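Per numbering that gives the first Met the number 0, the sequence shown runs over residues 0 to 361.
Note that beta-carbon positions come from the ideal geometry of N, C-alpha and C, so glycine has one too.
Being a predicted model, the structure only gives us computed values, none of them experimental.
This report refers to the structure that appears directly beneath it.
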Amino acid sequence: MARAAVLEEYGRLVLRSFPVPDPGPEEALLRVELAGVCGTDPKVFHGQLCQAELPIILGHEILGRIEAIGEAAAERTGVGVGDRVTVEASVGCGACALCRRGAPRFCRRVIDYGVRISAARPPHLLGAFAEYLFLLPHTSMHKIPDDLPARGAVMLNAVLSNGIQWVKLQGGARPGDAVVIQGAGQQALACTIAAKECGAAPIVVCGLRRDAERLALAREFGADATVIAEEENLAGLVADLTHGEGADLVVEVTGDPAALAAALHLLRPQGTLVHAGVTGDGVLTQLPLDVVLFKELRIQGVFSKGSEAILAAIDLLASRRYAVERMISRVYPLAEAETAVRAAGNELPDFYPIKVAVDPWL
Ligand SMILES: [Zn+2]
Ligand SMILES: [Zn+2]
């Protein structure tokens with residue numbers, strides 16, 4: 000039997016035990032080492048992002064070790080029993096054009112461990128807030144070295160890889176580019192690291208007054224300047240640092256419509272805005288679209304990443320150039336998974352974590 004933190008009704012996680020299934024030829028079983036928690040989890044927890052029938056086992060940022068694997072799955076993935084892996088949460092059908100193009104996140108039949116799949120029926124164990132996770136056919140996983148710290152490795156798949164995808168692969172940051180990152184959470188910090196890796200300079204990270212600790216970490220990760228939005232003039236600083244030309248790339252991670260609009264004014268002509276912060280609908284009417292036209296700006300939407308970014312993130316973590324693990328503010332045992340989710344949703348008094356995680360063996 001394996002223990003799991005289960006969402007049986009919205010707003011409450013309970014511990015349940017499930018039989019551990021034997022994987023078939025195309026399947027595998029993962030012994031979960033650590034599961035990351037992000038802003039998606041509180042949304043699912045409160046029923047704001049419900050795309051699967053309850054109960055759901057939460058947990059979609061997955062680090063673990065292969066406990067058992069079917070022959071076909073081992074051949075397809077190159078992964079064997081005992082290997083430590085990061086698992087991609089999105090599993091496509093494996094057959095449609097988008098899946099074959101390496102973008103299963105757009106597959107019409109996609110499921111996401113811990114988010115868009117029910118635990119109602121066998122094999123039940125389909126979320127990472129559990130001792131074991133059942134891996135369905137077509138699951139993508141990547142081997143990672145045993146000696147990488149778990150607190151860093153748990154961020155490969157959903158944090159560090161997003162930074163690389165958004166800033167480098169889709170943002171196109173190049174050496175010497177002036178990059179502005181609006182936001183100071185885990186994704187913004189990952190974008191800071193990615194911008195530094197691209198050789199961007201200057202890198203400016205803008206947060207709020209409560210983000211002092213995060214902004215300090217941003218400077219350690221390579222930000223040349225940080226700005227507190229309520230107190231300082233971001234536009235003035237960007238103008239000074241770029242001799243009035245404007246930023247080459249602005250990555251908007253906050254989802255604040257006003258910040259999104261302001262980002263357009265920070266850019267130089269033909270600059271790029273990477274739009275990564277979920278705003279909710281209706282915001283477009285507030286965007287100064289003529290600025291986009293007259294400056295010939297490019298707006299690139301992003302919401303996830305592909306395998307190329309994950310592989311690059313593994314190399315980056317293995318280089319040990321950044322103490323990524325310092326982003327983990329606290330690790331919770333499985334019995335406190337609900338507290339972990341509430342922490343990620345900033346629902347706990349006096350606790351404003353950058354990122355938390357769940358260790359099912361703690
Ligand atoms: Zn996540
Ligand atoms: Zn597909």
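Buried or exposed for HIS274, please, with buried defined as at least 16 other CB atoms from any protein chain shown within 10 angstroms of its CB. buried
Alpha-carbon spacing of GLU70 relative to PRO22, whole angstroms: 10 Å
Go ahead and pull the three-state DSSP assignment for LEU235. Residue identity check: residue 235 is Gly in the sequence provided, not Leu. DSSP places GLY235 in helix when its eight states are reduced to three.
Identify which residue in ILE227, LEU286, GLY101, GLN185 has its Cα closest to the Cα of VAL203. ILE227
Measure how close the beta-carbons of MET140 and VAL237 come, nearest whole angstrom, since I'm counting them as under 8 Å. Going by Cβ atoms, the distance from MET140 to VAL237 rounds to 40 Å, so no, they are not a contact pair.
By C-beta, the residues closer than 5 Å to any heavy atom of ligand 2, given in chain order: GLY91, CYS92, CYS95, CYS98, CYS106
Roughly how many angstroms lie between the CA atoms of GLN269 and GLY162, to the nearest whole one? 22 Å
Secondary structure of THR85, DSSP reduced to three states: strand
Beta-carbon separation (whole angstroms), VAL355 vs ALA339, contact threshold 8 Å: 5 Å
What is the DSSP secondary structure of ALA215, reduced to helix, strand or coil? helix
Near ligand 1, which residues have their beta-carbon less than 6 Å from any of its heavy atoms, given in chain order? CYS37, THR39, HIS59, GLU60, ALA157
PHE105 - DSSP class collapsed to helix/strand/coil: helix
What separation, rounded to the nearest whole angstrom, lies between the Cα atoms of ILE61 and PRO18? 20 Å
Smallest Cα separation from SER318: which of ALA1, GLY175, MET0, PRO148? PRO148
Contained alpha helix (DSSP H) runs [length at least 4] in the segment 282-328, N- to C-terminal order: 288-293, 306-318
Quick test of the definition: if touching needs 3 or more C-beta pairs under 8 Å, does the segment 87-95 touch the segment 129-139? yes
Inter-residue Cα distance where the pair is ARG325 and LEU315: 15 Å
State the start and end residues of the unbroken beta strand (DSSP E) segment that holds GLN181. 178-181
Could you round the C-beta distance between CYS373 and VAL252 to whole angstroms and report it? I think they count as a contact, below 8 Å. Residue coverage of the chain in this structure runs from 0 to 361, which leaves residue 373 outside it and unanswerable.
What are the partner residues of ALA34, as DSSP defines its beta bridges? ILE61, VAL357
Answer yes if the segment 93-104 comes into contact with the segment 35-45, meaning at least three C-beta pairs across the two stretches below 8 Å, and no otherwise. no
Those residues which DSSP pairs with ILE227 across a bridge: GLY206
If you pair each beta-carbon of the segment 291-304 with each one of the segment 209-228, do three or more pairs fall below 8 Å? no
With distances taken Cα to Cα, identify the nearest neighbour of VAL277 among ALA257, PRO287, LEU266. ALA257
Measure from the alpha carbon of ALA205 to the alpha carbon of each residue in ALA193, ARG218, ALA199, then state which is nearest. A quick correction: the sequence has Cys, not Ala, at residue 205. Measuring from the Cα of CYS205, the nearest candidate turns out to be ARG218.
Thinking C-beta only, is ALA129 closer than 8 Å to GLY58? yes
Taking 7 Å as the limit between beta carbons, can you name the residues of its chain near ILE363, skipping five residues before and five after? Any answer about residue 363 is impossible in this case: the structure gives the chain only from 0 up to 361.
How would you label TYR321, buried or exposed, when you count the other beta carbons within 10 angstroms and need 16 or more for buried? buried
Assuming the contact rule is C-beta atoms closer than 8 Å, LEU14 and PHE44 should be a hit. Round their C-beta distance to whole Å, please. Going by Cβ atoms, the distance from LEU14 to PHE44 rounds to 15 Å, so no, they are not a contact pair.
What does the alpha-carbon distance come out to for the pair ALA72 and ALA27? 7 Å
Quick check on HIS45: does DSSP put it in helix, strand or coil? coil
Any idea what DSSP makes of PRO18, helix, strand or coil? coil
Own chain partners of GLY63 with C-beta closer than 6 Å, once the 5 adjacent residues on each side are dropped: LEU29, ARG30, VAL31, GLU32
Alpha carbon of ALA224 to alpha carbon of SER117, nearest angstrom: 44 Å
Less than 8 Å separating the beta-carbons of ILE65 and VAL80? yes
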